[in-house]
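J.:
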Amino acid sequence: MRRTHALVSFLVTAVLALAVAACGPPTMDGQVARYKTTIDKLDSLATKQPALKPGIDAKKAEFAQEMAAASQKSGEDGVNAMIALNRRMDAYLTSLAPAPAPTNTQPGSKLGGTGTPGQPAGSTAAPPPAPGGKLGSAPVAPAPTQPTPGGKLGGAAPAQPTTPPPAGDQGGFGGK
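This note's numbering numbers the first residue of the sequence shown as 25 and each following residue consecutively.
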């Protein structure tokens with residue numbers, strides 16, 4: 025039992041060590057790619073909300089100056105400067121376009137609301153029809169179905185052959 029426990033502990037430790045080693049430290053190339061992605065998101069937001077475009081353009085110019093300064097630094101200092109810049113850019117982007125609030129308006133949910141039971145949150149579908157048919161009259165029970173003799177279509181049962189099959193070697197799986 026102790027050997028199994030020790031072996032499992034060793035394997036878990038080895039896998040975690042490999043996972044951490046495979047990640048590696050952040051690189052300048054990775055941070056530049058992150059910077060470009062955030063700039064693209066800011067451009068997209070400026071296109072979707074033209075009223076924000078002047079403020080976004082001013083911030084992009086400020087971020088570009090900081091990026092040029094961070095690029096001039098070498099080694100770990102440059103990477104750390106880019107990480108800090110990317111964090112500020114992410115914070116700015118989040119302040120402009122905060123995550124949408126949850127839209128769960130189902131009754132009895134933690135958020136409460138006035139949703140219709142049985143419909144997904146945010147659904148604009150019509151509520152389910154009232155019981156009782158098209159015009160709200162009394163409900164109509166379906167007609168009872170009684171099994172009819174003779175098969176699926178209600179006809180007479182097929183006649184059974186009265187003569188036995190011919191004897192002899194017919195092939196197939198008869199086995200004679």
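By construction, the Cβ of each residue, glycine as well, lies at the ideal position given by its N, Cα and C atoms.
This structure is a prediction, so every number in the text was calculated from the model and none was measured.
Just verifying my parser: in three-state terms, what is the DSSP assignment at Ala82?
T.: Three-state DSSP puts Ala82 in a helix.
J.: Less than 7 Å between C-beta atoms, sequence neighbours within five positions excluded: which residues of the same chain meet that for Lys65?
T.: So the list reads Leu117, once near-sequence residues are dropped.
J.: Could you check whether the stretch 93-110 touches the stretch 75-83, counting it as contact only if at least three pairs of C-beta atoms, one from each stretch, sit closer than 8 Å?
T.: The stretch 93-110 is not in contact with the stretch 75-83.
J.: Alpha carbon to alpha carbon, how far is Ala57 from Val36? Give it in angstroms, no decimals.
T.: Near 33 Å, if we compare the C-alpha coordinates of Ala57 and Val36.
J.: DSSP three-state label for Ser98, please.
T.: The answer is coil: DSSP assigns Ser98 none of H, G, I, E or B.
J.: CA-CA distance, Phe113 and Cys47?
T.: Sequence check: residue 113 is Met here, not Phe. When rounded, the distance between both Cα atoms is 23 Å.
J.: Return yes when the Cβ of Ala88 is within less than 8 Å of the Cβ of Lys77, no when it is not.
T.: No, the pair does not count as a contact, with Cβ atoms beyond the cut-off.
J.: Taking Cβ to Cβ, would you say Tyr59 is nearer than 8 Å to Leu120?
T.: Cβ distance not < 8 Å, so Tyr59 and Leu120 don't count as in contact.
J.: Kindly indicate which three-state DSSP category Thr71 falls into: helix, strand or coil?
T.: Note: Thr71 maps to helix in three-state DSSP.
J.: Would the beta-carbon of Ala105 fall within 8 Å of that of Ala92?
T.: No. Outside cutoff.
J.: Alpha carbon to alpha carbon, how far is Gln96 from Val39?
T.: Approximately 37 Å, taken between the alpha carbons.
J.: Compare the Cα-Cα distances from Pro203 to each of Ala115, Arg111, Ile107, Phe197 and report the closest residue.
T.: The structure shown does not extend to residue 203, since the chain is modelled only from 25 through 200, so no value can be given for it.
J.: Assign Gln73 to buried or exposed, taking buried as 16 or more other Cβ atoms, counted over all protein chains shown, within 10 Å of its Cβ.
T.: Its Cβ having fewer than 16 others within 10 Å, Gln73 is exposed.
J.: Count the other C-beta atoms from every protein chain shown that fall within 10 angstroms of the C-beta of Thr28, then say buried if there are 16 or more, exposed otherwise.
T.: Thr28 is exposed by the Cβ-count criterion.
J.: Mark Thr62 as exposed unless 16 or more other C-beta atoms lie within 10 angstroms of its C-beta, in which case mark it buried.
T.: Answer is buried; the Cβ neighbour count reaches 16.
J.: Quick check: what's the CA-CA separation for Val32 versus Ala115?
T.: One C-alpha to the other measures close to 42 Å.
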